[in-house]
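To keep things clear, I will list the structure first and then write my remarks on it.
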Amino acid sequence: MTNTALKNQLYKTIQAIDDNTLLKAVYTILKSNISPQKNIEPMNELEFYDRNTKSQKDIKKGNLITQTEMKKKFAK
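Under this note's numbering, residues 2 to 77 are what the sequence shown spells out, in order.
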């Protein structure tokens, strides 16, 4: 079953539940398995230009990593 099909099936199943206690239990289970979202704030204009300048310098110096290396770094 694909993720989309499974989500649709879960949605239909949850929609059919009338017991508030069961709904709260399902919600608790689902919520506990979702990694917490970090509070992400947008950069202001100065931060954007500072990061852009640093990135351009890194590119000129050849300080780059491959996509494979990036995947390994974030897989940890």
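The beta carbon of each residue, even a glycine, is placed where N, CA and C say it ideally should be.
Item, Value
"Spatial neighbours of Ile-18 within its chain, please: C-beta separation below 6 Å, excluding the five flanking residues on both sides.", "Leu-24"
"Pop quiz: Ile-15 and Val-27 are said to be a contact at Cβ under 8 Å. What is the actual Cβ separation, rounded to whole angstroms?", "6 Å"
"Look up Leu-1 in the DSSP assignment and say whether it is helix, strand or coil.", "Since the first residue shown for the chain is 2 and the last is 77, residue 1 is missing from the structure and cannot be characterised."
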